[in-house]
């Protein structure tokens with residue numbers, strides 16, 4: 002369920018970027034990042 006929600010937020014962010022609403026797109030990206038960290042935790046890539 003979290004994956005679909007995150008995917009939807011990313012799609013909205015892309016749409017806002019296409020419309021040059023960069024501030025709003027950034028806010029959506031921050032929400033998506035918080036949701037990812039809350040639901041999936043941090044993943045370390047080495």
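Numbering (our numbering), first residue to last: 2 to 47.
The beta-carbon is built from N, C-alpha and C at its ideal position, and this holds for glycine as well.
- Your pair residue 14 and residue 3 does not check out as a contact, with CB atoms roughly 16 Å apart and the cut at 8 Å.
- Under the three-state reduction of DSSP, residue 40 is assigned to helix.
- In the DSSP assignment, residue 14 falls within the alpha helix (DSSP H) that extends over 3-19.
- Our two residues, residue 18 and residue 31, have alpha carbons roughly 14 Å apart in a direct line.
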